[in-house]
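Going down the list, the sequences are from chains D and X. Sequential numbering of the first sequence, starting at -11, is according to my numbering. Sequential numbering of the second sequence, starting at 1391, is according to my numbering.
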Amino acid sequence: MTTLTTAPPPTASPPLAPAPAPPQAARPPRRWGDLALRLVAGLVLLYLFIPILLIVLFSFNDPEGRFNLTWQGFTLDNWLDPFRYEQLTEALVTSLKVAALSTAISAVLGTLVAVALVRSRFRGSGAIDTFLVVPLTAPEVVLGASLLTLFIDLEWARGFGTIVVVHVMFEISFVALTVKARLRGFDWTLEDAAMDLGASPTRTFLRITLPLIVPGIVAAAMLSFALSLDDFIITYFNSGSTVTYPLYVNAATRTGLPPQINVLATAILLVSLLLLGASVLWQRRRPAST
Amino acid sequence: MAGTATSSRRRNPVAPYAMVLPALVYLGIFFLVPLWSLLRTSLSRNGGSVFLPTLEFDWAWSNYGDAFSDYRDQIVRSFGYALAATLICLVLAYPLAYVIAFKAGRWRNVVLGLVILPFFVTFLVRTLAWRIILSDDGWVVSVFDAVGLLPDEGRLLSTSWAVVGGLVYNFLPFMVLPLYVSLEKVDPRLMEAAADLYSSTWRGFRKVVLPLTMPGVLAGSLLVFIPSSGDFVNAQYLGGTQTTMIGNVIERQFLVVHDYPTAAALSFVLMAIILVATLAYTRALGTEDLV
C-alpha cells in the first residue's frame, strides 16, 4: 500500500476534510483507500446538498415567465416582497397552524405512551411497543387512501379538521419513539425520592419527571412539527378545499411557480437551523438532564 | 422484570394503562379502522348512477384480479424502482455513514446535521429542484450526453433514470442514519484486532464490520424501500407516461377517476407485496433485531 504524508485533503467537502496531517511518525499512515472513502462520502454529501443550494439560489432569480425554472438574473425583489402572493402566504399560515395544533396533541399523547412504556413493564407493553411502529411501515399513499375511505364512510367533510386529525395520527408514533429513545437510562428512583418526601404522584410528575424529560419532548415536538409542515401525500388525500404549503406548491407546478416559493422554503430552512442550533445550545447548558 | 420498576408497590397498577389508552384509542380509530374501511371498499362494487355513485359490499374478489391484470406494469415497475433505489442508497450511504462514524472526529455532529438538512426543505420543492437540474438544456444532460450515458430518449427527465434518481435523493438520509447508528456501536478495536491478525482492510470490513451492521442495513433498506414503492411524487414530477408507479394509479383512481374499489384493492396489493418482501429480506439477512 502506498503511504501518503503531504497530500492535501480531498476538495469536495470542507467539513470532512481533516487538517493536513503533520508528518509525524506516530500518526498511522493514510492510505489511498482511506482518501477514496472520504472522497466518496464528500461527493454523497454534495449530492444531498446541490438541490438545496439551487433552491436558495433560485430564491434570488428574476424569472421572465410565471415559472421559476430557468435562471434569468439576480434580484432581491423576491426577498423584499415574500408575501406578494396572498394564496401562498395563506397556505403557509394554514400549514403552520396545522403543524402547531397537531404537534401539541401528538406530543401529549405520544409522551404519555412513551413514559408509560419506559417506566415499567406491564401486561401488553411489548405488543404496544410493536403496534406503535406499525403505522410507520405502511406506505403514505395507503394511509392517505384508507383515511379518505373512512371519512367518506362517515360522511365527514374534508378540510382543516381532517388534516389535523390525520397529522396527529402519523405524528404519535414518531413522538412516542423519539421520547422513548431519549428516556432510556433515565433514573426513575428520583420519582421515588420525591414520593418518599411526601409528594403526590401528580405533583411528582409535574415537578420532577416532566422537567427532566422536557428536552426529549422538545426534540420529538420539533420532529413532529417538521413532518407536519412537510407532509404532502397523506394531506393531499384528505384536505378537501383547504390548501397547505405543500399543496400550494403542487398546484403551482401547473399554474405558475413564483420565486416566493423558494424564498419561503429558504426562510423555513433558516428558521429550522436557528431552532436546531438554539436547542443544541440549550441542552448543552443543562447537562444535568441526561 | 423488576429492572426499572423499583417502586411498583407504590405505583398505581392502572396508571400505565391510563397513560397508553388515549394514543391507542386514537391509533385504533384513525389507523386500524381506516384500514378496515379500505379493505371493505376493496371488496365492494361500484353501483348507483354516474351522478350518485354508491358502493355495495359484495365480496368482490374480482377487484383484486382486475387490479393485478390491469396494472401489472405499474406494479412491476414500482418494485423494480424501489429495489434499484434501495440498492443505490445502500451503496451511497454506507461510505458516508462509515466516514461519519469513524473518520469525522469532532466534525461528526456537523456532518450528521448536514445529512438531515434536506428534511428542512419541503419534499416537493426539493423534487422540483431536480426538475431544474435534469432539465433538457441543463449541464447534467450535456455531461451525460458527452460521456455517452444519455438514455435512448435523448433526455433525462421523463425517464426511469430521473424517477429512480429522485427516489434515491429523497430517501437517502433514511439509509444513512440507521447505518450510522449501527456503525457507531462497532468497537473500533475489533477492526484493529482484525488488522493485527493480518486481515486486509477489505477482508476485515467484510468479516467483522459488515455483519455487525446488518441491523442498520436492514432498517435502512426498509426505510427506503417502503416509501419508495408507494411513492407517486417522484414519478409525477420527474417521470413521464412510461414511468408511472402504483402510487400514481392509486392517487388517480381515488382522486380523479373516483374508482374506489380498484384503488383500494391496489393499495392492499401494494401492502401485501411490501410485507412479503420485508419478511423475505429480514429472513435472508438473518436478523430480527430491527431497532
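Backbone N, C-alpha and C fix where the C-beta goes; we use that ideal spot for every residue, glycine too. These numbers come from a predicted model, not from an experiment.
With respect to 7 Å, is the separation between the Cβ of GLU128 (chain D) and the closest non-hydrogen atom of the ligand SAH below this value?
As presented, the structure is devoid of all ligands, the ligand SAH included, so that no description of it is given.
Contacting residues, own chain, Cβ-Cβ under 7 Å from ALA1655 (chain X) (five flanking each side not counted):
Sequence index remark: in the second sequence, residue 1655 (chain X) carries index 265 (1-based). Excluding positions up to five away in sequence, the list reads SER1432, ASN1453, TYR1454, ALA1457.
Could you tell me which of D:PRO39, D:THR82, D:PHE46, D:THR63 sits nearest to PHE1509 (chain X), measuring between CA atoms?
Your numbering for residue 1509 (chain X) matches position 119 in the second sequence. Checked all of D:PRO39, D:THR82, D:PHE46, D:THR63; the closest Cα to PHE1509 (chain X) is D:PRO39.
Do MET157 (chain D) and PRO199 (chain D) count as a contact pair if the criterion is CB distance below 8 Å?
Working through the first sequence from its first residue, we reach residue 199 (chain D) at position 211. Working through the first sequence from its first residue, we reach residue 157 (chain D) at position 169. For PRO199 (chain D) and MET157 (chain D), no; Cβs fall outside 8 Å.
Please specify which runs of the alpha helix (DSSP H), each continuous and at least 4 residues long, are wholly inside the segment 1522 to 1593 of chain X, giving them in chain order.
1529 to 1536, 1550 to 1574, 1578 to 1586
Does any C-beta atom of chain X lie closer than 8 Å to the C-beta of SER281 (chain D)?
Here chain D covers residues -11 to 278 and nothing more, so residue 281 (chain D) does not appear.
So the alpha helix (DSSP H) HIS155 (chain D) belongs to, where does it begin and stop?
Residue 155 (chain D) sits at position 167 when you count from the first residue of the first sequence. Residues 148 to 171.
Take every Cβ of the segment 1550 to 1562 of chain X, pair it with every Cβ of the segment 1623 to 1631 of chain X, and state whether three or more of those distances are shorter than 8 Å.
yes
Tell me which residues share the same chain as GLY228 (chain D) and place their Cβ nearer than 8 Å to its Cβ, disregarding the 5 neighbours each side in the sequence.
Indexing the first sequence from 1 puts residue 228 (chain D) at position 240. The answer, listed in chain order, is ALA145, ARG146, GLY147, THR150.
Classification of GLN12 (chain D) by the beta-carbon crowding that lies within 10 angstroms, buried from 16 upward
The residue given as residue 12 (chain D) occupies position 24 in the first sequence. Its pLDDT being 44, under 50, GLN12 (chain D) is placed unreliably in this model, and the value from its coordinates should be taken loosely. Exposed, since its Cβ has fewer than 16 Cβ neighbours within 10 Å.
Closest Cβ-Cβ distance between GLY98 (chain D) and chain X: below 8 Å?
Here residue 98 (chain D) refers to the residue found at position 110 when the first sequence is read from its first residue. Closer than 8 Å: yes.
In or out: HIS1648 (chain X) buried (at least 16 other Cβ within 10 Å) or exposed?
The residue labelled residue 1648 (chain X) in the question sits at position 258 within the second sequence. By the 10 Å Cβ count, HIS1648 (chain X) comes out exposed.
Proximal chain D residues relative to PHE1564 (chain X), where beta-carbon distance stays under 8 Å:
To locate residue 1564 (chain X), count along the second sequence from 1; it is residue 174. In chain order: nothing, as chain D lies at least about 11 Å away.
Would you call the segment 73 to 84 of chain D in contact with the segment 234 to 245 of chain D, where contact means no fewer than 3 C-beta pairs closer than 8 Å?
yes
Short of 8 Å Cβ to Cβ, which residues in the segment 232 to 251 of chain D face chain X?
TYR233, PRO234, VAL237, ASN238, THR241, LEU245, ILE249, ASN250
Considering only the alpha carbon of each residue, which of X:LEU1628, X:THR1549, X:LEU1507 lies closest to LEU1567 (chain X)?
The residue labelled residue 1567 (chain X) in the question sits at position 177 within the second sequence. Nearest C-alpha to LEU1567 (chain X): X:LEU1507.
Throw me the rounded Cβ distance for the GLY1610 (chain X) and LEU1569 (chain X) pair, which I believe falls under 8 Å.
Along the second sequence, one-based indexing puts residue 1610 (chain X) at 220. Along the second sequence, one-based indexing puts residue 1569 (chain X) at 179. Right, their Cβ atoms sit about 5 Å apart.
If I'm right that VAL231 (chain D) touches GLY1620 (chain X) with Cβ under 8 Å, what's the distance once you round it to whole angstroms?
Taking the first sequence and counting its residues from 1, the one referred to as residue 231 (chain D) is at position 243. Taking the second sequence and counting its residues from 1, the one referred to as residue 1620 (chain X) is at position 230. Not really, about 23 Å apart at Cβ, beyond 8 Å.
Tell me the DSSP secondary structure of SER108 (chain D) in three-state form.
One-based indexing of the first sequence puts residue 108 (chain D) at position 120. Note: SER108 (chain D) maps to coil in three-state DSSP.
Between D:ILE196, D:LEU138, D:LEU36, D:PRO247, which has its C-alpha nearest GLY1418 (chain X)'s C-alpha?
To locate residue 1418 (chain X), count along the second sequence from 1; it is residue 28. Comparing Cα-Cα distances from GLY1418 (chain X) to each of D:ILE196, D:LEU138, D:LEU36, D:PRO247, the minimum goes to D:LEU138.
Does the beta-carbon of VAL1415 (chain X) have 16 or more other beta-carbons within 10 angstroms, so that it is buried, or is it exposed?
The residue given as residue 1415 (chain X) occupies position 25 in the second sequence. VAL1415 (chain X) is exposed by the Cβ-count criterion.
Using a beta-carbon distance below 8 Å, is PRO10 (chain D) in contact with chain X?
Reading the first sequence from its first residue, position 22 is the one you call residue 10 (chain D). Per-residue confidence for PRO10 (chain D) stands at a pLDDT of 47, beneath the threshold of 50, marking its modelled position as unreliable; the derived number appears in the next sentence. False, the Cβ-Cβ gap to chain X never drops below 8 Å.
What are the complete beta strand (DSSP E) segments, minimum 3 residues, inside the segment 1435 to 1490 of chain X?
1443 to 1447
Closer than 8 Å is the cut-off here; do at least three beta carbon pairs connect the segment 1478 to 1489 of chain X with the segment 1655 to 1672 of chain X?
no
Measure the C-alpha to C-alpha separation of PRO1563 (chain X) and ALA1474 (chain X) and round it to an integer number of angstroms.
Start at 1 with the first residue of the second sequence, and residue 1563 (chain X) comes out as number 173. Start at 1 with the first residue of the second sequence, and residue 1474 (chain X) comes out as number 84. Approximately 16 Å between the Cα atoms of the pair.
At a Cβ threshold of 8 Å, is PRO39 (chain D) touching chain X?
Walking along the first sequence from the start, residue 39 (chain D) turns up at place 51. Yes, contact with chain X.
Is the Cβ of ALA14 (chain D) closer than 8 Å to any Cβ of chain X?
What you label residue 14 (chain D) is simply residue 26 of the first sequence in a count that begins at 1. For ALA14 (chain D), the predicted structure reports a pLDDT of 45, less than 50, and the residue's modelled location is therefore unreliable. A value from the coordinates is still provided. So no, ALA14 (chain D) is outside the interface.
Look up ASN49 (chain D) in the DSSP assignment and give the residues it is bridged to.
The count along the first sequence starts at 1 and reaches residue 49 (chain D) at position 61. Paired residue(s): D:PHE62.
On the criterion of 16 or more Cβ atoms from any shown chain inside 10 Å, does PRO1424 (chain X) qualify as buried, or is it exposed?
For this step, residue 1424 (chain X) is matched to residue 34 along the second sequence. Buried is the call here.
Whole angstroms are fine: how far does the CA of LEU1539 (chain X) sit from the CA of LEU45 (chain D)?
Within the first sequence, numbered from 1, the residue matching residue 45 (chain D) stands at position 57. Within the second sequence, numbered from 1, the residue matching residue 1539 (chain X) stands at position 149. Approximately 28 Å, taken between the alpha carbons.
Below 8 Å between beta carbons: does that hold for THR91 (chain D) and SER216 (chain D)?
Numbered from 1 along the first sequence, position 103 holds the residue referred to as residue 91 (chain D). Numbered from 1 along the first sequence, position 228 holds the residue referred to as residue 216 (chain D). In contact: THR91 (chain D) and SER216 (chain D) (Cβ atoms closer than 8 Å).
Please list the residues of the segment 1401 to 1418 of chain X that have a C-beta atom closer than 9 Å to any C-beta atom in chain D, keeping them in chain order.
ARG1401, ASN1402, PRO1403, ALA1405, PRO1406, TYR1407, ALA1408, MET1409, VAL1410, LEU1411, PRO1412, ALA1413, LEU1414, TYR1416, LEU1417
For TYR1471 (chain X) and VAL1571 (chain X), I'd like the C-alpha separation in whole angstroms.
Counting from one through the second sequence, the residue named residue 1471 (chain X) turns up at place 81. Counting from one through the second sequence, the residue named residue 1571 (chain X) turns up at place 181. Whole-angstrom Cα-Cα distance: 26 Å.
Cutoff 8 Å: MET1661 (chain X) Cβ touching any chain D Cβ
As a position in the second sequence, residue 1661 (chain X) is number 271, starting the count at 1. It does: the Cβ of MET1661 (chain X) has a partner Cβ on chain D nearer than 8 Å.
Within 10 angstroms of its Cβ, does LYS168 (chain D) collect 16 or more other Cβ (buried), or is it exposed?
On the first sequence, position 180 is the one that residue 168 (chain D) refers to. Classification of LYS168 (chain D): buried, given that the 10 Å Cβ count is 16 or more.
Could you run through the segment 1605 to 1618 of chain X and flag, in chain order, every residue whose CB is less than 7 Å away from some CB of chain D?
ILE1616, PRO1617
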